[in-house]
Amino acid sequence: MRSVTPLTDHPELKIIHSRAWSEFRVQHSRALGGNDPSVRKWLQCFWTDAVVCLCIAVIWPALIERPAGHVGLAVASLLYVYSRCTQVLWESVVVLPSLGLQLETQRGLPSVPLFTSRKFIPLTALRDFVINEGLHGWSVRYYLAAMQESPNGGITIDVPFENILPRFPVLLEVYHGVHELLFDINSTAYDTRKTCDE
1 MRSVTPLTDH
11 PELKIIHSRA
21 WSEFRVQHSR
31 ALGGNDPSVR
41 KWLQCFWTDA
51 VVCLCIAVIW
61 PALIERPAGH
71 VGLAVASLLY
81 VYSRCTQVLW
91 ESVVVLPSLG
101 LQLETQRGLP
111 SVPLFTSRKF
121 IPLTALRDFV
131 INEGLHGWSV
141 RYYLAAMQES
151 PNGGITIDVP
161 FENILPRFPV
171 LLEVYHGVHE
181 LLFDINSTAY
191 DTRKTCDE
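The following block contains the structure:
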């Protein structure tokens with residue numbers, strides 16, 4: 001297994017190759033914390049935790065006297081812990097040649113993944129993998145889209161990296177990598193499937 005960072009301007013993209021699969025991983029910029037894996041990275045990640053603890057220490061005397069203060073503090077603490085534990089660390093597209101795509105999202109604390117969500121798209125159902133553009137306010141955003149044929153004949157669209165929304169050069173690199181691994185290898189099967197449907 002080997003790991004490559006193909007774009008020097010975008011270190012958030014990492015491509016991991018194995019014999020059986022290839023993974024295009026985009027790390028969230030806050031989870032990435034720069035290229036410094038030292039103590040400074042951990043301090044940058046948890047500075048908000050220190051501020052929250054300081055605020056609790058300041059308002060503690062007022063909260064301890066009231067029962068509603070206990071409940072409010074417990075609810076606020078649980079919501080804060082939930083938001084910290086469910087932040088997106090990285091998202092990836094795993095290409096399994098001749099099988100399909102798997103879209104993954106890792107959530108958790110920085111450097112500690114806690115939850116993983118996966119969606120598999122079989123190659124037989126995958127119609128296309130494209131770069132699409134959408135309007136957001138006054139700007140144009142580019143995103144990847146995996147078009148999948150549903151069992152009832154309709155087309156559904158799955159968006160890889162929907163939480164991170166990386167920049168266009170990253171999307172272009174992933175797009176070319178997926179097409180090389182899936183559609184170029186299986187171009188005869190892909191063309192046969194398209195002509196059979198027409």
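Residue numbers 1 to 198, in the UniProt record's numbering, belong to the letters of the sequence shown in order. We treat Cβ as the ideally placed atom computed from N, Cα and C, and that holds for glycine. Bear in mind that the values here come from a model prediction, so they are computed numbers and not experimental data.
### Rounded straight-line distance, which links the Cα of M1 to that of R19
7 Å
### Start and end residues, alpha helix (DSSP H) containing T48
47 to 64
### Endpoints, alpha helix (DSSP H) assigned at F168
168 to 178
### Buried/exposed call for R141, threshold 16 Cβ in 10 Å
exposed
### Message
Just to confirm before moving on: does the CB-CB distance between V159 and M147 stay below 8 Å?
### Response
no
#### Entry: CB contact flag (S92, F168, <8 Å)
no
### V130 (DSSP reduced to helix, strand or coil)
strand
### Task
Closer than 8 Å by C-beta to G177: which residues in its own chain qualify, once you throw out the five before and the five after it? Chain order, please.
I15, S22, F24, V95
#### Entry: Sheet register partners of P67 (DSSP bridge)
Paired residue(s): none; P67 is not in a bridge.
### Query
Which one of P67, Y82, L171, V112 has the shortest CA to CA distance from L89?
V112
### Distance between L171 and W138 (C-alpha atoms, nearest Å)
21 Å
### Query
Hey, would you say L126 sits closer than 8 Å to Y143, going by beta carbons?
no
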